[in-house]
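There are 2 protein chains.
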Amino acid sequence: MSRIRRTTFRIDFDIGARLGPGKAQLLEKIAEHGSIRSAGASFGMSYRRAWLLADEINRMFTEPSIATRHGGKSGGGAELTEFGKELLSRYRRMEEAMLKAAHDDLEWLSGHIEPAFQPLGQKEDG
Amino acid sequence: MSRIRRTTFRIDFDIGARLGPGKAQLLEKIAEHGSIRSAGASFGMSYRRAWLLADEINRMFTEPSIATRHGGKSGGGAELTEFGKELLSRYRRMEEAMLKAAHDDLEWLSGHIEPAFQPLGQKEDG
């Protein structure tokens with residue numbers, strides 16, 4: 096499947112919240128970097144946006160996923176709660192299971208991609 | 096899974112083309128309505144955008160998915176080629192297989208959604 100750069104999936108909940116690759120990546124990077132600011136910065140996301148996403152993740156489930164610590168010389172930090180770890184691990188497991196389930200069809204798609212394709216300059220969401 | 100409104104998945108190819116719910120819906124509606132214009136209009140997409148998406152679908156694979164007919168009183172029409180039918184059918188099959196593969200994790204997510212959640216007004220892509 097060398098012609099596929101990546102596959103992403105997103106879940107829309109009826110409460111108006113969404114879970115997709117952006118939130119999963121933020122959780123992963125918070126676990127890695129120990130702060131919301133550094134996590135966002137590691138993939139080019141502004142602190143404001145990273146904070147808003149983290150806040151939304153914490154409010155959309157019945158338990159918080161990210162615990163923050165304030166004060167001290169380091170200016171506080173953030174880490175995943177047990178719930179947050181489980182959430183991230185389930186999201187990654189779903190991705191893996193989905194790729195496996197779709198493997199043959201993804202191979203077929205890859206085999207029919209036009210190598211000379213020129214995308215239009217504009218954003219296409221389809 | 097009553098708390099999940101929908102799940103969507105998207106494939107990014109290394110040639111810069113993408114396949115996701117918008118293109119799949121357009122293909123489905125072209126098969127149903129017999130024209131690109133009516134297909135787009137059926138889900139609120141402008142003719143210009145529907146035409147651009149249809150053109151991109153036709154160029155991104157080694158075979159066209161949509162065949163157009165010009166002329167006549169009706170002003171022409173569009174239909175799916177055999178390749179287009181297979182493409183759509185494989186996309187839908189992948190969706191189904193993925194949902195099945197992720198079923199238990201989606202149930203877990205649904206069970207932990209906060210019913211009192213209030214989304215922010217702004218767009219969040221995460």
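So the protein lines, in turn, are chains C and H.
The opening position of the first sequence corresponds to residue 96 in our numbering, with each subsequent residue numbered one higher.
The opening position of the second sequence corresponds to residue 96 in our numbering, with each subsequent residue numbered one higher.
We put the CB at the ideal spot given by N, CA and C, even for glycine.
Beta-bridge pairing of residue i - partner residues as DSSP gives them
i               : result
A192 of chain C : Answer is none; A192 of chain C lacks a bridge partner.
F108 of chain C : H:I99
E174 of chain C : C:A162
R113 of chain C : C:D107
Rounded straight-line distance, which links the Cα of residue j to that of residue i
i               : j               : result
E181 of chain C : A119 of chain C : 11 Å
T206 of chain H : G179 of chain C : What sits at residue 206 of chain H in the sequence shown is Gly, not Thr. Using only the alpha carbons, I get a separation of about 15 Å.
I99 of chain C  : F108 of chain H : 4 Å
I208 of chain H : A162 of chain C : 18 Å
T157 of chain H : H165 of chain H : 23 Å
L114 of chain H : L147 of chain C : 29 Å
Y186 of chain C : S160 of chain H : 33 Å
E127 of chain C : I110 of chain C : 29 Å
G129 of chain H : R143 of chain H : 17 Å
S184 of chain H : E177 of chain C : 40 Å
A173 of chain C : W203 of chain H : 24 Å
F104 of chain H : R188 of chain H : 12 Å
L201 of chain C : P210 of chain H : 36 Å
M140 of chain H : M140 of chain C : 30 Å
Run of the alpha helix (DSSP H) containing residue i, from where it starts to where it stops
i               : result
L121 of chain H : P116 to H128
E202 of chain H : H198 to G206
M155 of chain H : Y142 to M155
A136 of chain C : I131 to S137
Closer than 9 Å at the beta carbon, the chain D residues around residue i
i               : result
I208 of chain H : As a matter of chain content, chain D is missing from the structure shown, whose protein chains are C and H.
Beta-carbon spacing of residue i, residue j below 8 Å
i               : j               : result
I152 of chain H : T102 of chain C : no
A226 of chain C : P214 of chain H : Lying outside 96 to 221, the shown extent of chain C, residue 226 of chain C is not represented and no answer is given.
L121 of chain C : L175 of chain C : no
A145 of chain C : R132 of chain C : yes
F138 of chain H : R154 of chain C : no
I125 of chain C : A136 of chain C : no
- Message: Does the contact criterion of 3 or more C-beta pairs under 8 Å hold for the region 190-197 of chain C versus the region 190-206 of chain H?
- Response: Using a C-beta cut-off of 8 Å, the region 190-197 of chain C makes contact with the region 190-206 of chain H, since at least three inter-stretch Cβ pairs fall below that distance.
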